[in-house]
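**Q**
Numbering (the numbering used here), first residue to last: 575 to 766.
Dropping the structure here:
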């Protein structure tokens with residue numbers, strides 16, 4: 575669209591996408607309405623339909639923007655892996671990916687996965703003679719570990735008789751050792 579509604583700049587479009595990313599980091603997309611998106615963005619609900627055909631279209635666009643943000647900003651244009659600490663602490667990463675992945679209404683096997691693709695490119699560059707199946711399996715294992723930690727660490731620690739608070743440093747150290755060894759197995763070094 576070439577013009578913005580009276581009194582609003584096209585930054586409202588970006589505000590809506592940022593709001594979608596924040597909400598999708600906390601909830602499954604299928605539970606988010608256009609009104610929820612507008613309220614989170616602090617804009618009039620009509621702008622959801624002005625800039626996007628529907629709330630679903632807005633969230634699909636936000637998903638694309640999220641992937642670009644991961645690669646361009648957090649992976650420095652795809653030139654380095656995502657820092658482990660960032661992946662573990664930033665809900666816009668683990669929360670967003672978990673909620674989108676677990677929402678059948680938003681699962682699309684044809685959807686691009688820019689962060690995973692960038693990781694695979696890094697691995698191929700670091701280990702050009704390596705086994706492609708090993709490369710893919712290693713990236714899958716790293717992603718699973720990074721996404722699972724923030725969600726399940728307390729439950730699993732309790733289930734094993736550990737104190738999530740008192741044993742936190744020990745558990746985290748062991749976890750980081752495993753993740754970093756997976757990266758090393760494909761020739762990559764990453765910030766811990």
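Glycine included, every Cβ here is placed at the ideal spot set by N, Cα and C. All of these numbers come straight from a predicted model, not from anything done at the bench.
Beta-carbon within less than 8 Å of residue 690's beta-carbon, same chain only, minus the 5 sequence neighbours each way: which residues are those?
**A** Position 116 of the chain shown holds residue 690. So the qualifying residues of the chain are 713 and 717.
**Q** Rounded to the nearest angstrom, what separates residue 611 and residue 674 at their Cα positions?
**A** Numbered from 1 along the chain shown, position 37 holds the residue referred to as residue 611. Numbered from 1 along the chain shown, position 100 holds the residue referred to as residue 674. Cα to Cα, residue 611 sits roughly 16 Å from residue 674.
**Q** For residue 696, does the three-state DSSP call read helix, strand or coil?
**A** In the chain shown, the residue the question calls residue 696 occupies position 122. In this structure, residue 696 counts as helix in the three-state DSSP scheme.
**Q** By DSSP, does residue 649 sit in helix, in strand, or in coil?
**A** Here residue 649 refers to the residue found at position 75 of the chain shown. In the structure shown, residue 649 sits in coil (DSSP, three-state: anything other than H, G, I, E or B).
**Q** Return the CA-CA distance between residue 663 and residue 725, expressed in angstroms with no decimal places.
**A** Numbered from 1 along the chain shown, position 89 holds the residue referred to as residue 663. Numbered from 1 along the chain shown, position 151 holds the residue referred to as residue 725. C-alpha separation (whole angstroms): 11 Å.
**Q** Can residue 671 and residue 636 be called in contact, C-beta distance under 8 Å?
**A** In the chain shown, counting from the first residue as 1, residue 671 sits at position 97. In the chain shown, counting from the first residue as 1, residue 636 sits at position 62. Against a cut-off of 8 Å, the Cβ pair of residue 636 and residue 671 comes out as no contact.
**Q** Between residue 750 and residue 658, which are expected to be in contact by the criterion C-beta below 8 Å, what is the C-beta distance as a whole number of angstroms?
**A** As a first step, residue 750 is located in the chain shown; it is residue number 176 there, counting from the start. As a first step, residue 658 is located in the chain shown; it is residue number 84 there, counting from the start. Right, the Cβ-Cβ distance comes to about 6 Å (below 8 Å), so this counts as a contact.
**Q** Looking at the structure shown, is residue 614 part of a helix, part of a strand, or coil, going by DSSP?
**A** Here residue 614 is taken as the residue at index 40 of the chain shown, counted from 1. Residue 614 falls in the helix class under three-state DSSP.
**Q** Taking all protein chains shown into account, do 16 or more other C-beta atoms lie within 10 angstroms of the C-beta of residue 720, making it buried, or fewer, making it exposed?
**A** On the chain shown, residue 720 is found 146 positions in, with the first residue counted as 1. Per the 10 Å Cβ criterion, buried.
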